[in-house]
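Going by our numbering, the residue at position 235 of the sequence shown is 228; the numbering climbs one at a time, nothing skipped.
Beta carbons: idealized from backbone N, C-alpha and C, even for Gly.
The structure displayed is predicted, hence computed values, not measured ones.
In what follows, a structure is listed as structure tokens, so that the remarks can point back to it.
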Amino acid sequence: MNDIVIQTEQLTKRFGTFTAVDHLSFEVRKGEIFGFLGANGAGKTTAMRMLCGLSKPTSGKGMVAGFDVALQSEQVKKNIGYMSQKFSLYEDLKVWENIRLFAGIYGMKDKEIAYKTELLLERLEFSEERNTLVRRLPLGWKQKLAFSVSIFHEPKIVFLDEPTGGVDPATRRQFWELIYQAADRGITIFVTTHYMDEAEYCNRVSIMVDGRIDALDTPYNLKKQFGADNMDGVFQQLARKAIRKAD
Ligand code: ATP
């Protein structure tokens, strides 16, 4: 059985003469929690957009959930979930309306949506909040709901773009419990973060510098390789080499 769910070979994106993503080659396995790190402007969002079928590579190849990101972007989109920090949920819709809306977009049937909505609200201990407008929820709750909605259709892979921005470590820890549960069900997690405590929770971590992957291994091996006590120490050593600065 082939359990590689993301595979890139020399994946590259140029904007004019500027190379934002520079020949990325890596693989991610089924059920893996893969951390995608890099300083601001390293190229993470650009790479992730190509993997989600939202942006065409200039050259190289990317396979996601068995589909070519350049040639089969619609199939890629159907087989993944995506959570961005800013635009995931509709603030002016109620909790249950958001679930209903996104499940419908992913083509789920009404009966299945109704049944799974109950299960989800119970599991999140959200049943009391089903009629609450999303904008009234605390940020940490919104993030948990957004994540749950992004995997409601049981995609093979979910892409999380800084999913826990702005919340405290304890709330981030709770969020990661949901990530572990999803990974245990075989959903592959591809996550970008600026928080180094989260990098420690990943099975493997890649660190991008100026469009390239400069390091890729388990947190344990990276710390050993760089002689660092924690992932922050690893990250600082690599980020210091970056020539690009944030916009
Ligand atoms: P951040 O953590 O700040 O989101 P990032 O690692 O996600 O950073 P990208 O947003 O992928 O970085 O940007 C990588 C580089 O590509 C940046 O220098 C950015 O200015 C540039 N870039 C991104 N999109 C475009 C575009 N459409 N046209 C030109 N340059 C772009």
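Ends of the alpha helix (DSSP H) at residue i?
i: E243; result: What the structure shows of the chain is the stretch from -6 to 240, and residue 243 is not part of that stretch, so it cannot be assessed.
i: F95; result: V88 to I98
Rounded to whole angstroms, what's the CA-CA distance from residue i to residue j? Just pull it up for me.
i: V21; j: R166; result: 23 Å
i: A192; j: A96; result: 30 Å
i: Y188; j: M224; result: 9 Å
i: I98; j: K71; result: 10 Å
i: F183; j: T1; result: 14 Å
i: G268; j: G28; result: The chain is shown only over -6 to 240; residue 268 falls outside these bounds and no answer can be derived.
i: P148; j: I180; result: 7 Å
i: G46; j: S66; result: 4 Å
i: D(-4); j: M41; result: 20 Å
i: K79; j: L114; result: 22 Å
i: G158; j: V227; result: 21 Å
i: W169; j: G36; result: 24 Å
Determine the extent of the beta strand (DSSP E) in which residue i is found, giving its start and end residues.
i: K54; result: S52 to V57
i: V227; result: First-last for V227: M224 to A232, but that is the alpha helix (DSSP H), not the beta strand (DSSP E).
i: D154; result: I150 to D154
i: F183; result: T181 to T185
i: M43; result: Taken as a continuous stretch (DSSP letters only), M43 belongs to no beta strand (DSSP E), being part of the alpha helix (DSSP H) at K37 to L44.
Which of the three DSSP states is assigned to residue i in this structure?
i: A208; result: strand
i: G28; result: strand
i: M76; result: strand
i: A13; result: strand
i: E20; result: strand
i: D190; result: helix
i: F145; result: coil
i: V198; result: strand
i: F119; result: coil
For my contact list, residue i and residue j are in at a C-beta cut-off of 8 Å; report their separation, rounded to the angstrom.
i: M101; j: H146; result: 6 Å
i: F11; j: I73; result: That pair is no contact at about 27 Å.
i: L112; j: S141; result: The Cβ separation is near 10 Å, so there is no contact.
Are the beta-carbon atoms belonging to residue i and residue j less than 8 Å from one another?
i: T5; j: G53; result: yes
i: D210; j: A235; result: no
i: W89; j: N33; result: no
i: M76; j: V62; result: no
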